[in-house]
Structures are given as structure tokens and as C-alpha cells.
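If you're matching them up, the sequences are chains A and B in order.
As numbered in numbering that gives the first Met the number 0, residues 0 to 306 make up the first sequence, in order.
As numbered in numbering that gives the first Met the number 0, residues 0 to 538 make up the second sequence, in order.
Below is one structure; the comments refer to it alone.
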Amino acid sequence: MLRYVFRRLLTAIPTLFVIVTMAFFLIRLAPGGPFNQERGLSPEIKANLEAQFGLNDPLWLQYVHYLGNLLRGNFGPSYNMPDFTVGELFREGLPISVQLGASALILALLLGSVLGTVAALNQNKLADYSVIALATAGSTIPTFVIAPVIQLLFGLTWKLLPIGGWGDGALINKIGPVLTLALPQIAIVARLMRGSMIESLRSHHIRTARALGLSDWSVVVKHALRGAILPIVSFTGPAAAALLTGSIIVETIFSIPGIGRHFVVAALNRDYTLVMGTVVVIALFTIIFNLIVDVMYAVIDPRVRYD
Amino acid sequence: MAASETILSVKDLRVRFRTLDGVVEAVKGINIHVNAGETVAVVGESGSGKSQTMMAAMSLLASNGEATGVVDYRGRNLLTLSKSELNQVRGRKISMIFQEPMTSLDPLYSIGNQLIEPIRRHRGLGAAQAREEALKLLRLVHIPDPERRMKSYPHELSGGQRQRVMIAMALANDPDILIADEPTTALDVTIQAQILMLLAELQRKLGMAIVFITHDLGIVRRFADRVYVMRYGEVVEEGEAEAIFVNPQHAYTKMLLAAEPTGTKAPPLPNAPVLLEGRNVEVTFKIGGGFLAGEPLILRAVDHISIRLQRNQTIGIVGESGSGKSTLGRALLRLLPSDGLIRFGDRDISAADRQAMRPLRRELQLVFQDPFGSLSPRMTIGQVITEGLLVHEPTLSGRQRDLRAVEALREVGLDPNARNRYPHEFSGGQRQRIAIARAMILKPKVVVLDEPTSALDRSVQKQIVELLRKLQADHELSYLFISHDLAVVRAMADYIIVMKQGKIVEEGPTETIFSNPQATYTQTLMAAAIDVTRFRLSA
């Protein structure tokens, strides 16, 4: 298994290299650059700035420089927020986004699995239909509707939660954004879990367990659930990578200083270094979480062996 | 044995399933009883309700099923017990083993874990004691090296070993009744014989009653004291096993007993042209390997096999699962990459690629085992069987293709109106006829039949065998008949190749192989098969 993890980490290097290269050249295909927004910079100042950041160099040279810096762990300066380097922006924002994302993910996995299991055990009965209705609502109502509704009800009307802000990470400030992030995920997990649990309950070894007179608890939790959890595990990989790297909508609506908003703003401003930084972070998260998923698979299912 | 007390009696049992097409009555008010220590067989073809009867008794019906009537076990009606009362009986007093040894064990837990669980639950033993009991059980069912097997997972065991583990689990709490639902159907013949022997031995040792649910009359005659014959959810005949075999009363029972395919096939004329020939054919599969993964494992599925198929000849390729018989069939049709020489007529096709093979495909057809999986569910029968014509006779008009479809369906004994219907509307036997029509419509010369009768009931098998024979006689076809079923092979083939682990163990004319097998493996195979089928042949 260790050998397998080592091998996967080795193959991650060329993968990252390809992603970085493609992102580097693709963002530069977009018209404009970091300094020709509507700020009305005089041509001289613009030229000076571009010279200062090496943007006048031939593209291949910029690429080589960028790679060299990246290898040293230097993401470069942000072109649009000149007081910060990209590294500093992430050091500040990433822990916040990760906290929110991880809380939402854990909540979604726990609640979603329980709801899905309850639905599967009561297939085509009231409990099942309620879960399906909830899941449909959760996955169809967009976050930019859920978030303001939470603000309105819990913040303005009942005054239970702050309307927004990070509050230096106070628990009460996290509740709104975590709920908003979690709700659609709960819906997805519940639906996945319901489906795989129904299938698992129909399998031959569950029939065997019943024929042996095992208790319902053992049949459902020990035998059916463990097999049914595998699709949830695969879902968790990409979901974790997406949730932990922040969400522009939730961070904007709740005024959270995470990194989610950088993705969109940086791309719009042609803030090349910040775009590249977010690409690298997301790619790294995706690679790592997919690896964790594959390792988890082998832990849960003895038939999965990598060596 | 007949004098012992009745421990299980099923009275007026009805099983209904709610389906989208309305309520289906699978079991229609049957009466069955089981006496202590005896062996009862419930016999019938698929859809007869024989399995659902026992599933209902054990409260294992699918969620859309419901059972009414009485299942009386020592004075208690199992159908009205609460779940916890029922679980005092299931797995303890009445236990069950199933047809599917490959999927009936939980793939995620070790054998030991799964064996210990019911022992602890029903007998309240501590972990260490339960482990000792589990080891004893594994020894009882003759699992070699039980200490090590306790830690194994189901996928690390063969089908026969898994069925032994299932039996061990079922016997863990010294049951009164063991219900065996087609316990050997999914196993190779030599393994089938071993499992049946084991059950007989355990019954002598432990004295439980056994209820065999089976379609295999050989098992019935050999093991059963009493028999119930079921059809369409009803018991059509019951009685002592010997009496039923010697003097069957009901027409259906008589038909079942006569369902063994009979007759033999004469060899082709010695100077008949050789249509398909393979010399030193070899197929290898690479397992594993790749970036940093080290050397791959090479598996030789077909190991230097030579074969000559003449016009109007049927070569039976016999072997157990994993012997490479299907792989050989596919390699000869160039559906798999292989080494060695393959000739079709006077053409060397050893190196022919997909493109070059396409025009020849029309003359080299293949019929698969699984009549359920091999027809596209979203195409009408007409579309399924004429699809090949679109490729091989593109000049035909829609009308001409339709006429050919009518002709092909008639030829395989189906109503031509079937061409506007979909595969799911047909039974297994009808689907196999459709699959044969799909091959025949192209007027092939060579047909590879890969276990074409294995998924079918005995009486349907016989019809398919007769159909294939008629088609062969009408069109001078050559068949490669791949099968593990020796009775069917004997009726179909004039020449037999016995394969084991990719190699030919023995080959020769059918009657020579059957009357005087030389290789030890062939003898084992024959003994296992004939041991079980003997009574069918004599009946």
C-alpha cells in the first residue's frame, strides 16, 4: 500500500506540470492583461508596471521564470493587489475556506448518509418520499437563494445569527455559511446513499445474513451499510476538493475572507499569478483527495488491492 | 424414516408479488411437509415457485411479496411470528444455503468473522469459544488449512469452497432443517459431486432434514426420500422418490423425466472439406504490470491447441470453468488476439485485422450462453436479427430484410410476429432461439455455440438441441459446441476435445471418449457427471 501511495504521488508531479502549463498559456490567450482594466493608467505607467513584473519578456521566458519560482514555493506577487503576494493571500484565506468547507462536508456526509439510509429502509413509504422531496429541494434551490434566506430569517428576523462577517472565526459566524454550503451536499449524499443502500439491501449476502437470523442492526449496519458506503466515498474526493477551496457565492454573501472569491475575481482581472495560484491549489487538493479516496476504498473493500 | 414426526408443514401457502403489471401469484396454495431427518426434494423448472415457497417460509421474500397460509414449525406459524421470534428460528433451527456461492457471502468480511457472528448470536458464546466452534465447522466441511482460511475473504476462495463455508454457516447452530436452494447449480460438475457428497455425509453425522430445491432430477433420485413436483405455483405430483421415477403419474413429471437430450451425431464424411483450422493456437493475458508496478503476470488461457473442423461436423469442447474453452472459441473466430495459425477454408486468417475479418464474419457466427444479456433490450427482435444484414448485405431493401427476418424466425420455430416485440417479452428459451435466428439469418458456415443451453431448463434445453441439430442437417453447418454439460455434448457432438487449464487433456470421437476415457481428468469428469445423471439416462 505504501508503495502504491508513493507511486501515485510520483505520478502527481507530471499531472501537476501539465495542468500548470495548460493553465499558464490558456489564461494568456484571453484578451487583455492585468493592467489594462478600466483604471485609466497612462501608457507610460502601464509599460513601467509590465516591465517591472516581466510581462514584456517573451512568453516562454515568463513561463520558465514562473516554473522556477513555483518550484521554490513562490507563487509571485498579485498584480491587482500589489501589497500582497499570492502566497500571503492563500495563507490568510485558505484556512478559513478549509474550516468552512470541512465542516460543511462532515455535516453533509453524516446527515446525508443517515437520511439516505432511512429512506432506503422505508422504500416507497412516507419517510422515503420526505427524504426524496428534501433532496430534490436541496439540490435545486441555488446557494444564492439559500444564503440570503438564512440571513433574513436567522439574522434579521430572529436575530439568532450574525448576518455576515468572519468575526475572527467565532462559531456563531460559521453556522450560516456552513449550512448554506452543506445543504446541496446533504441532498446529493442522501440520494446517493438511498440508491446504493437499496441495491445493497437486495444483494445475496444480505439475504444470507437474514437467513442466519442476524439482528436487523447487524444486517443493516454491519453488512448492508459498509458495502453501500463505497459510492459515497468516491463522491467525497472531488466534493472535498471543491468545498475546501471555498465558494465565491457563500464568501461574498456572508462577507467571509476566504479564497473562494479569488478564483473568479482573479480571472476577470487577468491577475495571472493569482489565477495560477488557485489552479495549483485546486489541482493539489483534487489529487490528494482522490488518492485518499482510493486508499479508503482498499481499507473498506478487501477485494481492492493495489500491490 | 417415514415414521418420524413432521417438523415442518406448509399448509395452503400462497405467495403474491405486487408488480407494475398487477398482482402475480407465484405460489398458489400448496401443501408440503418435512419429517425429521428425511430428505425432501422440491422439483420444478424456473418460474415454478419452488424457491419462493421456501423463501416465504423463511420470511425472505422481496419487499413486494406477501405470503398467506400456514408455515408450521413445531407448532408455531412462522408467518405470524414477530421478527425477533423469527430470528430465533432462522439460522438456528432452520437454515438455508443458496444457489449463488459467489455472492452469498459478504465480500467485505473475513470468513472467520462471518462464521463467528451467527454462532455468537444464537448460542451466546464468547469470542474465543465461538472461534473454536467456527474452526470445528470448517473442519467439518473439509476446508483445508482452516486456521488460515478464517482470515481469508470470500473472493480468495473458489466457488466450491465458498459453498462449503455457506454450509458451515448454515450448520453452525445444529439446525433441524437445512434448506438447500439449487446448492450445486452454479458449480462445475466435479465440484457439484463433492458438495452433494458432503451434504449426504453431514446428514448422516448430524441427522438434520434436508429440503433440496432443484431442477436436477439426478440429485433428486440419488438423495431424496420424497419428492414434490411443482409447476406454475402448484404441486402437480408428490410421493416417494422411487415411485415417482419408476411410475410418474402426471404428464408434466413424465415430460421432465424424458427431457434428457438423446441421440448421437454421426461423424462427417472423412473427405469433407476442413472449414476452420487452428494450429498451435495460443492466447495469453497479461495481468498487472505498468509504471513502477514490476513485471506483469502472464496467464496462458489457451496453450498450443490444434483443431480441425470439417463441414457438417460438430466438435464439442468440454471443460470446467477457467479451462479456456470459451477463449479458444473466440480466438478461432479472431475475436481475441492469438498466436499460431488459423485458417478459414483455404485462407490464412491468423493475421487478419478487424477490417479484413468483417466480410468473413458472415460465415463465422457466434451464439452466446446468456440469452438475457446478449440481446440489446432497446431493439425490437426484427432489428436485432436483421442488424447483421445491414453490414453483410447492404443492398437489401427494408422489405427484403423483413422477409428474411420472417424466414429466420420460422426456421427457429418462432412466430414471425415476434419481430415487432422486444427481448424482455420472451422467455429464456425463446431468447436463445432469437439469438440463433440472428446467427442463421446470415447463412453462416461455421457457428461457435458457447454454452447455448446452460442457462435453460432441461426441457427447453432438449428443444434447443433438437433445433440446432435440424439446422445443421438442413444447412450442412459446422459447429464448435462449447459446454460443460456432458449430456448435451454427447447428444450434439461427433468429436470431443477435453480441456483443462488451457491444454487439451484428451480428444477423440464422442463414443470413444464416453465409453473409454483415457486421461484421469476425463474419467473424473465423466464419473462426476454420470454419477449425477445416471438415473436420468436410465429413466
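No residue lacks a Cβ here, since even glycine has one placed at the ideal position from N, Cα and C.
Report yes if the C-beta distance between residue i and residue j is below 9 Å; otherwise report no.
i                      : j                      : result
residue 49 of chain B  : residue 39 of chain B  : no
residue 32 of chain A  : residue 49 of chain A  : yes
residue 129 of chain B : residue 119 of chain B : yes
residue 496 of chain B : residue 449 of chain B : no
residue 218 of chain A : residue 209 of chain A : yes
residue 44 of chain B  : residue 98 of chain B  : no
residue 404 of chain B : residue 418 of chain B : yes
residue 192 of chain A : residue 111 of chain A : yes
residue 223 of chain B : residue 211 of chain B : yes
residue 201 of chain B : residue 244 of chain B : no
residue 479 of chain B : residue 446 of chain B : yes
residue 34 of chain B  : residue 208 of chain B : yes
Please decide whether residue i counts as near chain B, where near means a Cβ-Cβ distance under 9 Å.
i                      : result
residue 186 of chain A : no
residue 300 of chain A : yes
residue 0 of chain A   : no
residue 277 of chain A : no
residue 222 of chain A : yes
residue 53 of chain A  : no
residue 116 of chain A : no
Beta strand (DSSP E) containing residue i: first to last residue?
i                      : result
residue 343 of chain B : 338-343
residue 474 of chain B : First-last for residue 474 of chain B: 457-474, but that is the alpha helix (DSSP H), not the beta strand (DSSP E).
residue 506 of chain B : 502-508
residue 211 of chain B : 208-213
residue 228 of chain A : Unbroken run through residue 228 of chain A: none, as it is neither H nor E.
residue 497 of chain B : 494-499
Using 10 angstroms around the beta-carbon of residue i, count the other beta-carbons present and answer buried if the total reaches 16, otherwise exposed.
i                      : result
residue 521 of chain B : buried
residue 154 of chain B : exposed
residue 411 of chain B : buried
residue 192 of chain B : buried
residue 473 of chain B : exposed
residue 21 of chain B  : exposed
residue 366 of chain B : buried
residue 195 of chain B : buried
residue 515 of chain B : exposed
residue 298 of chain A : exposed
residue 216 of chain A : exposed
residue 423 of chain B : exposed
Bridge partners for residue i per DSSP, in chain order?
i                      : result
residue 21 of chain B  : B:18
residue 87 of chain A  : Beta-bridge pairing links residue 87 of chain A to no other residue.
residue 309 of chain B : B:273
residue 296 of chain B : B:286
residue 158 of chain A : None; residue 158 of chain A has no bridge partner.
residue 479 of chain B : B:314 and B:447
residue 354 of chain B : DSSP, once it has assigned bridges, lists no residue as partnering residue 354 of chain B.
residue 229 of chain B : B:234
residue 7 of chain B   : B:33 and B:72
residue 363 of chain B : B:445
Quick one: give me the first and last residue of the alpha helix (DSSP H) that residue i is part of.
i                      : result
residue 129 of chain A : 125-139
residue 177 of chain A : 170-200
residue 18 of chain A  : 1-28
residue 348 of chain B : Counting along the chain, residue 348 of chain B falls outside any alpha helix (DSSP H), and DSSP gives it neither H nor E.
residue 65 of chain A  : 58-70
residue 385 of chain B : 380-391
residue 275 of chain A : 271-299
residue 251 of chain A : 247-252
Taking Cβ positions only, does residue i come closer than 9 Å to chain A?
i                      : result
residue 15 of chain B  : no
residue 82 of chain B  : yes
residue 294 of chain B : no
residue 108 of chain B : yes
residue 11 of chain B  : no
residue 124 of chain B : no
residue 401 of chain B : no
residue 95 of chain B  : yes
residue 117 of chain B : yes
residue 532 of chain B : Low local confidence applies: a pLDDT of 44 at residue 532 of chain B is under 50, so the model's placement there is unreliable, and no value is given.
residue 281 of chain B : no
residue 91 of chain B  : yes
What residues from the stretch 165-179 of chain B come within 9 Å of chain E, judged by C-beta to C-beta, listed N to C? Although the question refers to chain E, the structure presented lacks it and instead comprises the protein chains A and B.
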